[in-house]
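**Q** Take a look at this one; I'll ask things after.
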Amino acid sequence: MKLLNVLAHPIIIFLLVLPLMLVSAYVPQLIVFVSFTCWALYFLLGGTLKTGLWGALCFILGELFAIAIILQFLATPGLGVWSLTLSVAFWAALIILLAERVKPISSVPAYFQGAGLFFAAYFYWWPAQEFTVSGDYVTVTILVALSMAFGFLNGWLTVWLYGLWGKFYQRFEAPDEAGVEAPAEA
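Residues in the sequence shown are numbered consecutively from 1, following our numbering.
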């Protein structure tokens, strides 16, 4: 039973990774990558449903900030290379300001991961396209947000299943650890 307890966490992870990897055969691997990174982000944020939900909001806000960066960049073409630099600096500063002032949405890693994964997805699907079709922003935002949701769901399931396993394991190991002998078999 002790060996099974040692293997419980890897078994739970295997059971959660398996469907995600099967999905990767039918959708772009970037979607699976986003889910994996958000699975890790769930634990970075504290591994609870409450912090996960607030982190999900910050992630989606990060995607919206990425769109704002693109739009601001496009609105200031005369600045050359400074256009992108100033856009990123302005929105990054705003994110940090929000994180310092509004406690529930203070997850800076989630903002930056949301923005970064939005950029990765956008340039993955439309690498040579001009950024003028607003529907493209919506499509990418939704795909990345759904992928994030699957990752956060896997994080929550990991904690929940491990908690169930802990209760199950504790029921069988409690008599041995307390020094009480198990009843003899007749």
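All residues carry an ideal CB built from backbone N, CA and C; glycine is no exception.
Would DSSP call Val34 helix, strand or coil?
**A** Helix at Val34.
**Q** Confirm, please, whether the CB-CB distance from Leu61 to Gly114 is below 9 Å.
**A** yes
**Q** Could you say if the stretch 82-90 and the stretch 44-53 meet the contact criterion of at least three C-beta pairs nearer than 8 Å?
**A** The answer is no - the stretch 44-53 does not touch the stretch 82-90, with fewer than three Cβ pairs under 8 Å.
**Q** Can you tell which of Ile69, Ala93 and Leu157 has its C-alpha closest to the C-alpha of Tyr137?
**A** Ile69
**Q** Between which two residues does the alpha helix (DSSP H) carrying Val102 extend?
**A** From DSSP, Val102 is part of no alpha helix (DSSP H); its letter is neither H nor E.
**Q** At the level of alpha carbons, what is the spacing between Thr76 and Ser83?
**A** 6 Å
**Q** Have a look at Leu4 and Gly155 and give me their C-alpha separation to the nearest angstrom.
**A** Those two C-alpha atoms are separated by around 21 Å.
**Q** Give the single residue among Leu153, Val6 and Trp91 whose Cα lies nearest to the Cα of Glu63.
**A** Trp91
**Q** With DSSP collapsed to three states, give me the class of Ser107.
**A** coil
**Q** Can you give me the C-alpha to C-alpha distance between Leu18 and Pro10, rounded to a whole angstrom?
**A** 12 Å
**Q** For the 8 Å Cβ check, are there 3 or more pairs between the stretch 17-32 and the stretch 96-114?
**A** The stretch 17-32 is not in contact with the stretch 96-114.
**Q** My understanding is that Ser147 touches Ser24, with C-beta atoms under 8 Å, so please give their C-beta distance in whole angstroms.
**A** With a Cβ gap of about 11 Å, Ser147 and Ser24 do not count as contacting.
**Q** Ordered along the chain, which non-local residues of its own chain (more than five positions away) have a Cβ less than 7 Å from that of Phe112?
**A** Taken in chain order, the residues that qualify are Gly62.
**Q** If you reduce the DSSP assignment to three classes, tell me which class Gly47 lands in.
**A** coil
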